[in-house]
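Q: Have a look at this one.
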Amino acid sequence: PRMDEIRDWFAASQHARSDSGELFGRYTGSNVVTVQGEAFMNFFVGKQINGQPITPNLDALRGDSLYFDNFYHQTGQGRTSDADLAANFSLHPLPSGSVFIRYADNAFDTMPSVLKEHGYAANVYHAYDGSFWNRSRMYREMGYDRFYTEKEYEIDEPLGWSLGDRSFFDQSVGFMADTPQPFYSFLIGLSSHHPYNLALQDTDKLDVGDYAGTTFGDYLQSVHYVDSALGGMVERLKREGLWDNTVLVFYGDHDYSLDEREAAGKLMGRELSEFDYEQIMGQVPLLIHLPDGGLAGTYDQPGGQLDLMPTLLPLLGIDAGDYALMGNDLLDRSTDDHRLVVLRSGAFTDGRLYYSPSADGTFENGTAYDLKTGQPTDVEQARTGYEEASKRLGISDDVIAHDLIPALKTSP
Ligand code: GP9
258 PRMDEIRDWF AASQHARSDS GELFGRYTGS NVVTVQGEAF MNFFVGKQIN
308 GQPITPNLDA LRGDSLYFDN FYHQTGQGRT SDADLAANFS LHPLPSGSVF
358 IRYADNAFDT MPSVLKEHGY AANVYHAYDG SFWNRSRMYR EMGYDRFYTE
408 KEYEIDEPLG WSLGDRSFFD QSVGFMADTP QPFYSFLIGL SSHHPYNLAL
458 QDTDKLDVGD YAGTTFGDYL QSVHYVDSAL GGMVERLKRE GLWDNTVLVF
508 YGDHDYSLDE REAAGKLMGR ELSEFDYEQI MGQVPLLIHL PDGGLAGTYD
558 QPGGQLDLMP TLLPLLGIDA GDYALMGNDL LDRSTDDHRL VVLRSGAFTD
608 GRLYYSPSAD GTFENGTAYD LKTGQPTDVE QARTGYEEAS KRLGISDDVI
658 AHDLIPALKT SP
């Protein structure tokens, strides 16, 4: 019976996904370059400090990109590997541990494997020890042609844990220039990893004023550096003649592992309530630049990392309904009314309410907030959403624990 329930759930959501309207196939054959930024959150994007923009390159890119400013990370204990899973498998991470470590043997449909079925090359880039998060193993199973680890890079800009993102992005685009098109490239940045105390050159430093010498100040410096590395990457993509045929995606993987409500509030120019700070910790930016600069604008509908595959595949002319994906197509506005973004903690939002779970796990003791006012509201309003959110997390967990993707693809 459980298998029937799971099958029915996917059938209903797949049906919704196969209707992507006029955008379907508009960017067929484009390369896709996706950059996952380490601990890169949304609250400072577009902000200034002492008159200097913190993210000038993203700000410029936003002018002709889609920028989702209500986009949640959906990670759990598997941190960076969970973000990778959410974005490249469209499944939820587990309540404990990392799927990359616990279930690397499973059969999955992944962004690289799906694109390879459609004639793409697919490579993954991360200038660090390939065994971290069991990546070497997982990436083979995911169908990537090649995993470029620290061994493939010239460590000509040592910074933080490894190679600085500026050189990492630049050398990675160099590898892409030698890759047959169309290609999918997935890059995982590292320079903005905790504890953020990078030995930056003076020209890369942001004057963080009162935050100087604090971890929060170091964090702002590190994301400012990553922003400039991204700007350099766009330039290199242009120089290599790739820009006009590439969909560039940038998003943050998870929160910054700091508890800095006051400092963040000062930057944002207002006192932050507990609810405000929960939103800040939950949200990362998502930016999508399409080859012709199309569909540019700020999109405020809620979304999350699981939505990347269902959003990108239709643009590339691939029917996302053929795969067992759990996310939503962010560009299909017909789903706005019943879209739910479910976080691994059990929190969720439907764009009107945000439900924050209780420590004891009971529905009644959780808090429902009205997103317009930021104030708690009658928790009963969140009951239907809560049931659906719990169902989704349970289905995702079962699909992973029992390796169900192959069975879901065959008729009962
Ligand atoms: C290292 C990096 C670690 O490979 O991706 O990420 P974490 O999960 O610690 O943020």
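Going by full-length UniProt numbering, the sequence shown opens with residue 258, and the numbers climb by one from there.
Beta carbons are placed, not taken as given, at the ideal position from N, Cα and C, and that holds for glycine.
So the candidates are Arg259, Glu535, Glu621; which of them puts its Cα closest to the Cα of tyrosine 329?
A: Looking at the Cα atoms, Glu535 is the closest of the given residues.
Q: Is it buried or exposed for proline 542, if we count other Cβ within 10 angstroms and need 16 for buried?
A: Flag for proline 542 reads buried.
Q: What number of angstroms, rounded off, separates the C-alpha of arginine 423 from the C-alpha of leucine 572?
A: Near 29 Å, if we compare the C-alpha coordinates of leucine 572 and arginine 423.
Q: Residues in the same chain with beta-carbon distance under 6 Å from alanine 486, minus the five sequence neighbours each way, listed in chain order, please.
A: Answer for alanine 486: Asp422, Arg423, Phe426, listed in chain order.
Q: Between which two residues does the beta strand (DSSP E) harbouring threonine 619 extend?
A: Counting along the chain, threonine 619 falls outside any beta strand (DSSP E), and DSSP gives it neither H nor E.
Q: Taking 8 Å as the threshold (C-beta atoms), are glycine 335 and serine 355 in contact?
A: Cβ distance < 8 Å, so serine 355 and glycine 335 count as in contact.
Q: Is it buried or exposed, histidine 383, if we count other Cβ atoms within 10 angstroms and call 16 or more buried?
A: With 16 or more other Cβ atoms within 10 Å, it is buried.
Q: Enumerate in chain order the residues of its own chain whose CB-to-CB distance from aspartate 564 is below 6 Å, with the five nearest sequence positions on each side excluded.
A: Taken in chain order, the residues that qualify are Gly584, Asn585, Leu587.
Q: Give me the Cα-Cα distance between leucine 552 and aspartate 321, rounded to the nearest whole angstrom.
A: Cα-Cα distance, rounded: 8 Å.
Q: Under the criterion of a Cβ to heavy atom distance below 7 Å, does residue 227 qualify as lining the ligand GP9?
A: Shown here, the chain extends from 258 to 669; a query on residue 227 therefore has no answer.
Q: Looking only at its chain, what residues have a beta carbon closer than 7 Å to the beta carbon of aspartate 661, apart from the 5 residues adjacent to it on each side?
A: Checking the displayed sequence, the identity of residue 661 turns out to be leucine instead of aspartate. Counting only Cβ-Cβ distances below 7 Å, and skipping sequence neighbours, we find Ile263, Asp655.
Q: Should arginine 336 be counted as a contact of the ligand GP9 given a C-beta to heavy atom distance under 7 Å?
A: Correct: arginine 336 has its Cβ closer than 7 Å to the ligand GP9.
Q: Output the boundary residues of the alpha helix (DSSP H) element that contains serine 448.
A: No alpha helix (DSSP H) holds serine 448; DSSP gives it neither H nor E.
Q: Any idea what DSSP makes of arginine 423, helix, strand or coil?
A: Reduced to three states, the DSSP call for arginine 423 is helix.
Q: To the nearest angstrom, report how far apart alanine 378 and phenylalanine 404 are at their CA atoms.
A: Alanine 378 and phenylalanine 404: Cα-Cα distance of roughly 12 Å.
Q: Decide if serine 338 is buried, meaning its Cβ has at least 16 other Cβ atoms within 10 Å, or exposed.
A: Looking at its Cβ environment, which holds 16 or more other Cβ atoms inside 10 Å, serine 338 is buried.
Q: Under the DSSP definition of a beta bridge, which residues are partnered with glycine 554?
A: Paired residues: Leu323.
Q: Just how far apart, CA to CA, sit isoleucine 657 and leucine 342?
A: Cα-Cα distance, rounded: 11 Å.
Q: Any idea which residues DSSP pairs threonine 634 with across the strands?
A: According to DSSP, which records beta bridges pairwise, threonine 634 is partnered with Ala625.
Q: Nearest to valine 465 by CA position, among His481, Thr641, Leu665, is which residue?
A: Residue His481 is the option with its Cα nearest to valine 465.
Q: Indicate whether asparagine 288 and proline 439 have their beta-carbon atoms separated by less than 8 Å.
A: In this structure, proline 439 lies closer than 8 Å to asparagine 288 by Cβ.
Q: Do proline 559 and threonine 606 have their beta-carbon atoms positioned less than 8 Å apart in this structure?
A: Cβ atoms of threonine 606 and proline 559: closer than 8 Å.
Q: Would the segment 396 to 413 and the segment 467 to 483 be scored as touching if the rule is three or more Cβ pairs under 8 Å?
A: Contact between the segment 396 to 413 and the segment 467 to 483 is absent, because fewer than three Cβ pairs lie under 8 Å.
Q: According to DSSP, what are the bridge partners of arginine 403?
A: Its beta-bridge partners are Asn380.
Q: Below 7 Å CB to CB, which residues in the same chain sit around asparagine 307 once its five sequence neighbours on both sides are set aside?
A: Counting only Cβ-Cβ distances below 7 Å, and skipping sequence neighbours, we find Asp464, Gly466.
Q: Please report the distance separating the alpha-carbon of arginine 596 from that of leucine 499.
A: Looking at the two C-alpha atoms, the distance is approximately 34 Å.
Q: I'd like the ranges of any beta strand (DSSP E) spanning at least 3 consecutive residues and lying wholly in the segment 466 to 549.
A: With a minimum length of 3 residues, the continuous beta strand (DSSP E) runs that stay inside the segment 466 to 549 are 503 to 509, 543 to 546.
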